[in-house]
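Taking my numbering, I'd label the letters of the first sequence as residues 83 to 352. Data block below; observations after.
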Amino acid sequence: MNVTVIGLVGLRKMGRKTWVDGDGMKKGEWTAEEDQNLVAYINEHGICDWRTLPRRAGLQRCGKSCRLRWLNYLRPGIKRGKFTPKEEEEIIKLHAVLGNRWAAIAKEMDNRTDNDIKNHWNSCLKKRLLRKGIDPMTHGPIINNNLTVTTTNEECGSSSTSTSSSTSSSSGSAWLLNKLATGISSKQHDLDRIKNILLVPRITSNDQDEQEEGLKRDHKIGGGEENDDFLIWDDEEIRRFMETDEIEYETTAPYVSLFYESTHILDDLL
DNA sequence: AATCATGTCAACCGCAGTGCG
DNA sequence: CCGCACTGCGGTTGACATGAT
Numbered sequence: 083m084n085v086t087v088i089g090l091v092g093l094r095k096m097g098r099k100t101w102v103d104g105d106g107m108k109k110g111e112w113t114a115e116e117d118q119n120l121v122a123y124i125n126e127h128g129i130c131d132w133r134t135l136p137r138r139a140g141l142q143r144c145g146k147s148c149r150l151r152w153l154n155y156l157r158p159g160i161k162r163g164k165f166t167p168k169e170e171e172e173i174i175k176l177h178a179v180l181g182n183r184w185a186a187i188a189k190e191m192d193n194r195t196d197n198d199i200k201n202h203w204n205s206c207l208k209k210r211l212l213r214k215g216i217d218p219m220t221h222g223p224i225i226n227n228n229l230t231v232t233t234t235n236e237e238c239g240s241s242s243t244s245t246s247s248s249t250s251s252s253s254g255s256a257w258l259l260n261k262l263a264t265g266i267s268s269k270q271h272d273l274d275r276i277k278n279i280l281l282v283p284r285i286t287s288n289d290q291d292e293q294e295e296g297l298k299r300d301h302k303i304g305g306g307e308e309n310d311d312f313l314i315w316d317d318e319e320i321r322r323f324m325e326t327d328e329i330e331y332e333t334t335a336p337y338v339s340l341f342y343e344s345t346h347i348l349d350d351l352l
């Protein structure tokens, strides 16, 4: 494997200032010399152990930093620069299915890094969708209501607890879809597992009308869908599984419609 | 010309998953 | 089975660029 650093000279500098941490490891912006050292070492020895690589390559960096630099910047074949409208469209489509799983999205794209895609999404695409009245998480229209979705982040995969009193019911749906996609892509896609994923959230609604609306929607469940026992849930079944899992029917009912929406995605994916 | 807001890019941090002893 | 080390990922931050006022 031979890698040459091309086009680094003349690139504008946008990194962080360089400093040295308590362990004597250099942090922040990489110099051209460091890049050359890293590339030269990998050219000669390949990638084996990121932890010991910096020492062997004569770099005063941690392995994590080297890995990141290589994957996001120095690795050959990386496509850089502005995203084309076609690429943007592709990102939006992939995000609708995969959620914030940037590495998975990057795998489907043409040599774009996950970091690049994530940056572009957060700085540009997300705002563009919002301006168009599209919820960037659900990719559906933004609907105003008072539904309050409460989740603990232990369940969502992050470290703190949050309660989002959203003006859109879609935040719950977004979380749902993300969980669903995560479960499927990590090959945990048996139906029981997916049911468990979908049962985790606790939802509260302080809007009685919304609850009633949700209940009405729930009665649509099972209305002429395919012969899949997972997709066809009647009112009695919903009540039963909520009781089993100690979830209050009245407060959770609105969420069932989100569950139902997610089954369409599930159907496509399986 | 100065200031502010927004966009862009690069890098860090913390957590989760995985493999191994 | 458990704990540790390593890797990979997503969220976040920092600094500069650019456009608008």
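We put the CB at the ideal spot given by N, CA and C, even for glycine.
Short Cβ contact (8 Å threshold) for residue i with residue j
i, j, result
"residue 148", "residue 141", "yes"
"residue 199", "residue 187", "yes"
"residue 356", "residue 221", "Here the chain comprises residues numbered 83 to 352, so residue 356 is not present and cannot be evaluated."
"residue 173", "residue 120", "no"
"residue 145", "residue 136", "yes"
"residue 194", "residue 161", "yes"
"residue 138", "residue 123", "yes"
"residue 211", "residue 190", "no"
"residue 143", "residue 108", "yes"
Residue i (DSSP reduced to helix, strand or coil)
i, result
"residue 216", "strand"
"residue 224", "coil"
"residue 99", "coil"
Opening and closing residue of the alpha helix (DSSP H) in which residue i lies
i, result
"residue 199", "196-202"
"residue 187", "184-190"
Residue i to residue j span [Cα, whole Å]
i, j, result
"residue 158", "residue 213", "36 Å"
"residue 155", "residue 116", "12 Å"
"residue 105", "residue 112", "18 Å"
"residue 153", "residue 171", "24 Å"
"residue 100", "residue 114", "13 Å"
"residue 167", "residue 209", "15 Å"
"residue 202", "residue 126", "33 Å"
"residue 102", "residue 165", "34 Å"
"residue 218", "residue 196", "18 Å"
"residue 224", "residue 205", "19 Å"
"residue 118", "residue 110", "16 Å"
"residue 297", "residue 163", "In this prediction, residue 297 scores a pLDDT of 32, lower than 50, which makes its location untrustworthy; no coordinate-derived value is stated."
"residue 169", "residue 192", "9 Å"
"residue 294", "residue 181", "In this prediction, residue 294 has a pLDDT of 35, which is less than 50 and means its spatial position is unreliable; what the coordinates show is noted afterwards. So the alpha carbons of these two residues sit roughly 29 Å apart."
* Asked: Unbroken beta strand (DSSP E) runs of length 3 or more, entirely within the stretch 102-181: which are they?
  -> none
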